[in-house]
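Asks: Each protein sequence line maps, in turn, to chains A and B. Residue numbering for the first sequence is 1 to 190, as defined by the working numbering. Residue numbering for the second sequence is 1001 to 1190, as defined by the working numbering. Cβ coordinates follow ideal geometry from the N, Cα and C atoms, glycine included.
There are 2 protein chains.
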Amino acid sequence: MKKDLRVIKTQESLRKALFTLLKTKPLETITIAELCRLARINRGTFYLHYKDVHHLFKSYVEVIVEDLKLSYREPYNKTNNNIKFIKADMIRIFHHVNNYRDFYQIVFDEHIPMMYFYMLFDTVRSFMKESIDDYTFEKVSSVQMDYYISYQTNAILGMLIEWHRQDYSTPIKELNEQLLEILTFKSPFR
Amino acid sequence: MKKDLRVIKTQESLRKALFTLLKTKPLETITIAELCRLARINRGTFYLHYKDVHHLFKSYVEVIVEDLKLSYREPYNKTNNNIKFIKADMIRIFHHVNNYRDFYQIVFDEHIPMMYFYMLFDTVRSFMKESIDDYTFEKVSSVQMDYYISYQTNAILGMLIEWHRQDYSTPIKELNEQLLEILTFKSPFR
DNA sequence: ATTATAATTAGACACGTGTTCAATAAAATC
DNA sequence: GATTTTATTGAACACGTGTCTAATTATAAT
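#1: From K1025(B), K1016(B), D1052(B) and F1127(B), pick the residue whose C-alpha is nearest to that of L1070(B); which is it?
#2: Find the nearest neighbour of Y1060(B) within the set Y1072(B), Q1144(B) and L1027(B), judged by alpha-carbon distance.
#3: Relative to the alpha-carbon of T29(A), which residue among D52(A), T184(A), D146(A) and L68(A) has its alpha-carbon at the smallest distance?
#4: Please report the distance separating the alpha-carbon of Y1072(B) from that of V1097(B).
#5: Can you give me the start and stop residues for the alpha helix (DSSP H) that Q1105(B) sits inside?
#6: Return the chain-ordered list of same chain residues with a C-beta closer than 8 Å to the C-beta of L157(A), the five sequence neighbours on each side being excluded.
#7: Span of the alpha helix (DSSP H) holding Q1166(B)?
#8: Less than 8 Å separating the beta-carbons of L1014(B) and F1046(B)?
#9: Can you tell which of Q1152(B), L1179(B) and W1163(B) has the C-alpha that lies nearest to the C-alpha of F185(A)?
#10: Can you give me, in chain order, the residues of the region 175 to 186 of chain A that have a beta carbon less than 9 Å from any beta carbon in chain B?
#11: Taking a cut of 8 Å between CB atoms, which residues from the region 102 to 119 of chain A lie near chain B?
#12: So with Cβ pairs under 8 Å, would you call N1154(B) a contact of chain A?
#13: Are the beta-carbon atoms of M1115(B) and H111(A) separated by less than 8 Å?
#14: I need the boundaries of the alpha helix (DSSP H) containing E177(A), first residue and last residue.
#15: Kindly identify the DSSP beta-bridge partner or partners of P1113(B).
#16: DSSP on K1129(B), reduced to helix/strand/coil?
#17: Counting only Cβ pairs nearer than 8 Å, list the residues of chain B close to G44(A).
#18: Buried or exposed: V107(A), going by 16 or more other Cβ atoms within 10 Å of its Cβ?
#19: Where E12(A) and D67(A) are concerned, what is the direct C-alpha to C-alpha distance, given to the nearest angstrom?
#20: With a cut-off of 8 Å, does the C-beta of E1162(B) fall near any C-beta of chain A?
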């Protein structure tokens, strides 16, 4: 059994309306009433599908995150040099964020709920876990691993936050160099 | 010229009302109307002082952040061993978060806007900057430093996120060990 | 104590929210 | 094609939002 055509039409209209409105005003100022007027959908119908505007927006985020995952799965030159490896992994995240810059400008906005950050966090974390699982031979307890992976994951996201705050003015090439620099840096902590 | 007594009374009533309501329901469900009824303040008066509930909540956050800064300034055993140094710096952040656990459970909630995370980020970042400035002798460009500091800052916050997601079940002592482990870890990335 | 200043108030306004209802229309099933 | 099923609709409801007025009251200044 496939999905009712009416449902598809309704959801597409709302998605389109949200997309249109996002070009003119910030997400946090978009009301359900406004969306429904533009989409020519009864306001009650909105609530049959979504809880609030964020629930609708989340369906976007899922598409973007899917693209991130896809781009990550893409074949690429794997080397047995770990630092090149992690660099290749993360550089593709930088590229992805750059491609969807308009989108991430929303996600990193201070008025936007943490949930989208966590969605990004979880996705990058799964990549990070793979990288570390594949290339770490030292055995440590799983609890330790949880903290270590979250530590490394959020470190990368810290670079994205810095990028965002500098209005994405730093070119990817330079970000790339920064990351390499950091990973090979003779840290003051050791 | 000091502040009008009426203003002080109004703001204290609202703060108290928010504090009371937070014990019974999540921040995101607290309405301005509800706060004003409890505080016996006219709703119009609320708008003379605050833009929304988050603006009021922010005055809490500022108090907490102030305590974090204070606790950071406290004298402590500084050693010329850098890893002990950074560990001492960050362990006091873990303690602080533990002390205000109820509060940070709100701040890290997925429905809460990023702004509070950024406030924490900025505060920890300033500590991180000091640590690195004091103990890093290699000279690098300021742009590089911005990324490096944000990278290290958010790494620590990644541990806090992991801690939060594990319902703060990990004892501080163990977090302490985790951090030490990570900082001395023979990273797979190098 | 009197006066000047400024905060607070009640009331109203248009609009948004979240929910419910019976009526209708569109799609799926037979 | 007729029938059953289900999504959508419009209307209404109580409540919240943000803004504005004029009247009132508390505080500060004299």
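Replies: A quick look at the data gives this:
#1: The sequence position of residue 1070(B) within the second sequence is 70, counting from 1. Nearest C-alpha to L1070(B): F1127(B).
#2: Counting from one through the second sequence, the residue named residue 1060(B) turns up at place 60. Per the Cα distances, L1027(B).
#3: On the first sequence, residue 29(A) is found 29 positions in, with the first residue counted as 1. Comparing Cα-Cα distances from T29(A) to each of D52(A), T184(A), D146(A) and L68(A), the minimum goes to D52(A).
#4: By one-based count along the second sequence, residue 1072(B) stands at place 72. By one-based count along the second sequence, residue 1097(B) stands at place 97. Their Cα atoms are separated by approximately 12 Å.
#5: For the purposes of this step, residue 1105(B) is taken as the residue at position 105 of the second sequence. Start and end: R1101 to V1107.
#6: The residue you call residue 157(A) lines up with position 157 of the first sequence. Cβ within range, chain order: F117, L120, F121 and V124.
#7: To locate residue 1166(B), count along the second sequence from 1; it is residue 166. Per DSSP, Q1166(B) belongs to no alpha helix (DSSP H) and is neither H nor E.
#8: Here residue 1014(B) is taken as the residue at index 14 of the second sequence, counted from 1. Here residue 1046(B) is taken as the residue at index 46 of the second sequence, counted from 1. For L1014(B) and F1046(B), yes; Cβs fall inside 8 Å.
#9: Stepping through the first sequence from its first residue, residue 185(A) is reached at position 185. Considering only alpha carbons, the answer is Q1152(B).
#10: L175, E177, Q178, L179, E181, I182, L183, T184, F185 and K186
#11: F108, D109, E110, H111, I112, P113, M114, M115, F117 and Y118
#12: Numbered from 1 along the second sequence, position 154 holds the residue referred to as residue 1154(B). Yes - at least one Cβ of chain A is within 8 Å of the one on N1154(B).
#13: Here residue 1115(B) is taken as the residue at index 115 of the second sequence, counted from 1. Here residue 111(A) is taken as the residue at index 111 of the first sequence, counted from 1. Yes, the pair counts as a contact, with Cβ atoms nearer than the cut-off.
#14: Working through the first sequence from its first residue, we reach residue 177(A) at position 177. Counting along the chain, the alpha helix (DSSP H) containing E177(A) begins and ends at I172 to T184.
#15: Looking up residue 1113(B) in the second sequence gives position 113. According to DSSP, which records beta bridges pairwise, P1113(B) is partnered with P113(A).
#16: Working through the second sequence from its first residue, we reach residue 1129(B) at position 129. DSSP places K1129(B) in helix when its eight states are reduced to three.
#17: Taking the first residue of the first sequence as position 1, residue 44(A) is located at position 44. Correct list: empty, because the minimum Cβ distance to chain B is about 22 Å.
#18: For this step, residue 107(A) is matched to residue 107 along the first sequence. Flag for V107(A) reads buried.
#19: Within the first sequence, the letter at position 12 stands for residue 12(A). Within the first sequence, the letter at position 67 stands for residue 67(A). Rounded to the nearest angstrom, the two C-alpha atoms are 19 Å apart.
#20: By 1-based counting over the second sequence, the position of residue 1162(B) is 162. E1162(B) counts as touching chain A.
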